[in-house]
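So the structure is just underneath, and the comments pick up after that.
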Amino acid sequence: MSERSTAAIAPNLSTLGGAAVGDYVQILKPRVMSLVVFTGVVGLVVAPGHLHPFLAAVAILCIAIGAGASGAINMWYDRDIDRVMRRTASRPLPTGRMLPGEALGFGCVLAVGSVAVMGIAVNWVAAELLALTIAFYVFVYTIWLKRRTPQNIVIGGAAGALPPLIGWAAVTGDVGWGAIALFAIIFFWTPPHFWALSLYKADEYASAGIPMLPVVAGERETKRQMLLYTLVLWPVTAAPWLLGIAGPLYAAGAGGFSLLFTLAALRVWRDDTHRSARQMFAFSLAYLFLIFTLLLVDHGIEYAVGGGR
Amino acid sequence: MMADDPVDSRSRRIRARNRALLLVLLGLVALFYALTIVRMSGG
Chain A
486 MSERSTAAIA
496 PNLSTLGGAA
506 VGDYVQILKP
516 RVMSLVVFTG
526 VVGLVVAPGH
536 LHPFLAAVAI
546 LCIAIGAGAS
556 GAINMWYDRD
566 IDRVMRRTAS
576 RPLPTGRMLP
586 GEALGFGCVL
596 AVGSVAVMGI
606 AVNWVAAELL
616 ALTIAFYVFV
626 YTIWLKRRTP
636 QNIVIGGAAG
646 ALPPLIGWAA
656 VTGDVGWGAI
666 ALFAIIFFWT
676 PPHFWALSLY
686 KADEYASAGI
696 PMLPVVAGER
706 ETKRQMLLYT
716 LVLWPVTAAP
726 WLLGIAGPLY
736 AAGAGGFSLL
746 FTLAALRVWR
756 DDTHRSARQM
766 FAFSLAYLFL
776 IFTLLLVDHG
786 IEYAVGGGR
Chain B
11 MMADDPVDSR
21 SRRIRARNRA
31 LLLVLLGLVA
41 LFYALTIVRM
51 SGG
């Protein structure tokens, strides 16, 4: 090819399909993926029964890839509003580093691949739950609810709550009450977690046209609902103990952390600035991590003393 | 300092992507090999 013809096509080539490896990693939403993987691991560990360690690792890998696929498809669909919001404007699609078709294709391949490998390697109940999780996140949350209702993250939160069920089903081949208790903890934790964020990002959500609760119903109503959800978390986090999948150490710890979470919501209720909302958002991440870590520790102790539930 | 040639820069990114894809494919081969062994041993 002559120098002149190379120069003529250079501007197009430089932008066409030129995403870097890091961009592909970024659209998998690695930070969200880490929380999904952690809760999936806990579901897998506390489930009654045994799974070969290699198959357990494959199950966790499939959960991680499936979560990443959901994130990639979500970024493809939301590329218009991501461009408007400061928090998301530097993502690969809004900046033009990646073409929409690349993100969609990547997400679809990973979604199909993760479900297929889960089914072949582990079992088809876990694979169906993984497929349900991806479909729920993409179709119900991203495409249907996110731009239509302030209850978007309440109902859509079910997608983020499913990974412990997948981990549990990978071991047992079905979904027990213990798995549903783990699901419920994440389901009722999601609204106060996201509403804390949306309280101090309300202007960005409003400019992007996303009807988050503070945008639609105001700060007072959002803070009231956040407080109510933290109160609901008291009995919900006690459920694993009541169902016998966790012991008194977990029950005491979960009660203490839930008290702190409610106190954080009370501070948000009383505070007219967004400082306490930022603090509550950060604490909400720690809260979920601590509750699920407690389940792991409690299970480890039970196993070590010879119970081996 | 001279700016990066956009064609060179794109070629570099594509080469890196191809290498990453090769690693992923090799990983899949290893994964299915190990899966077969585990399954055959009754895991």
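Each protein sequence line maps, in turn, to chains A and B.
Numbering of the first sequence is given in my numbering, commencing with residue 486 and proceeding in unit increments.
Numbering of the second sequence is given in my numbering, commencing with residue 11 and proceeding in unit increments.
Ideal Cβ placement from N, Cα and C applies to all residues, glycine included.
Tell me, to the nearest whole angstrom, how far the beta carbon of A/Pro676 is from that of A/Val625; I am working on the premise that it is less than 8 Å. Locating residue 676 of chain A in the first sequence gives position 191, counting from the first residue. Locating residue 625 of chain A in the first sequence gives position 140, counting from the first residue. Not confirmed; about 16 Å, so no contact.
Applying a beta-carbon distance threshold of less than 7 Å, which residues of chain B neighbour A/Ala505? Here the question's residue 505 of chain A lines up with position 20 in the first sequence. Residues of chain B passing the Cβ test: Arg23 and Ala26.
Environment of A/Val594 [buried if 16+ CB atoms lie within 10 Å]: The residue labelled residue 594 of chain A in the question sits at position 109 within the first sequence. Exposed.
So for A/Asp756, helix, strand or coil by DSSP? Sequence index remark: in the first sequence, residue 756 of chain A carries index 271 (1-based). Three-state result, A/Asp756: coil.
Going by DSSP in three states, A/His535 sits in which element: helix, strand or coil? As a first step, residue 535 of chain A is located in the first sequence; it is residue number 50 there, counting from the start. Of the three classes helix, strand and coil, the one that applies to A/His535 here is coil, per DSSP.
Buried/exposed call for A/Arg755, threshold 16 Cβ in 10 Å: Position 270 of the first sequence, counted from the start, is the residue given in the question as residue 755 of chain A. Counting Cβ neighbours within 10 Å, A/Arg755 comes out exposed, since fewer than 16 surround it.
Spatial neighbours of A/Phe566 in its chain, beta-carbon cut-off 6 Å, leaving aside the 5 residues before and after: Numbered from its first residue, the first sequence carries residue 566 of chain A at position 81. Note that residue 566 of chain A is Ile in the sequence shown, not Phe. Excluding residues within five positions, the ones whose Cβ falls inside 6 Å are Ala693.
Along the region 32-45 of chain B, what residues have a CB closer than 8 Å to any CB found in chain A? Leu41, Ala44 and Leu45
To the nearest angstrom, report how far apart B/Asn28 and B/Ser21 are at their CA atoms. Here the question's residue 28 of chain B lines up with position 18 in the second sequence. Here the question's residue 21 of chain B lines up with position 11 in the second sequence. Each residue's alpha carbon lies about 10 Å from the other.
Grouping DSSP H, G and I as helix and E and B as strand, with all else coil, what is A/Arg571? Position 86 of the first sequence, counted from the start, is the residue given in the question as residue 571 of chain A. In this structure, A/Arg571 counts as coil in the three-state DSSP scheme.
Helix, strand or coil for A/Ile494, going by three-state DSSP, please let me know. If you number the first sequence from 1, residue 494 of chain A lands on position 9. With a pLDDT of only 42 at A/Ile494, under the threshold of 50, the placement of this residue in the model should not be trusted; the figure read from the coordinates follows. It is helical.
Verify whether the separation of the beta carbon atoms of A/Ile628 and A/Ile548 is less than 8 Å. Within the first sequence, numbered from 1, the residue matching residue 628 of chain A stands at position 143. Within the first sequence, numbered from 1, the residue matching residue 548 of chain A stands at position 63. Going by C-beta atoms, A/Ile628 is not nearer than 8 Å to A/Ile548.
Could you pull out every residue in the same chain whose Cβ sits closer than 6 Å to the Cβ of A/Ile558, ignoring the five residues on either side in sequence? What you label residue 558 of chain A is simply residue 73 of the first sequence in a count that begins at 1. So the qualifying residues of the chain are Gly592 and Val623.
For my contact list, A/Asp783 and A/Ala731 are in at a C-beta cut-off of 8 Å; report their separation, rounded to the angstrom. Taking the first sequence and counting its residues from 1, one reaches residue 783 of chain A at position 298. Taking the first sequence and counting its residues from 1, one reaches residue 731 of chain A at position 246. 5 Å between Cβ atoms; contact.
Using a Cβ-Cβ cut-off of 7 Å (strictly less than) and excluding sequence neighbours within five positions of A/Ala739, which residues of its own chain qualify? Here residue 739 of chain A refers to the residue found at position 254 when the first sequence is read from its first residue. Excluding residues within five positions, the ones whose Cβ falls inside 7 Å are Thr722, Ala723, Ile776 and Leu779.
Is there at least one Cβ from chain B nearer than 8 Å to A/Ala493's Cβ? In the first sequence, the residue the question calls residue 493 of chain A occupies position 8. Because the pLDDT of A/Ala493 is 42, which lies under 50, any placement of that residue in the model is unreliable, and the number read from its coordinates should be weighed accordingly. So no, A/Ala493 is outside the interface.
Pick from A/Leu727, A/Gly598, A/Ile670 and A/Arg572: whose alpha carbon is nearest that of B/Leu35? Walking along the second sequence from the start, residue 35 of chain B turns up at place 25. Closest by alpha carbon: A/Gly598.
Out of A/Met560, A/Leu529, A/Phe539 and A/Gly528, state which residue places its alpha-carbon closest to the alpha-carbon of A/Pro515. One-based indexing of the first sequence puts residue 515 of chain A at position 30. Nearest option by C-alpha distance: A/Met560.
Could you tell me the alpha carbon to alpha carbon distance between A/Leu728 and A/Ile695, rounded to whole angstroms? Within the first sequence, numbered from 1, the residue matching residue 728 of chain A stands at position 243. Within the first sequence, numbered from 1, the residue matching residue 695 of chain A stands at position 210. Cα to Cα, A/Leu728 sits roughly 38 Å from A/Ile695.
Would a check of beta-carbon distances place A/Val600 closer than 8 Å to chain C? Judged by its chain identifiers, the structure shown contains no chain C, and its protein chains are A and B.
4 or more residues per run - each alpha helix (DSSP H) lying fully within the region 756-782 of chain A: none
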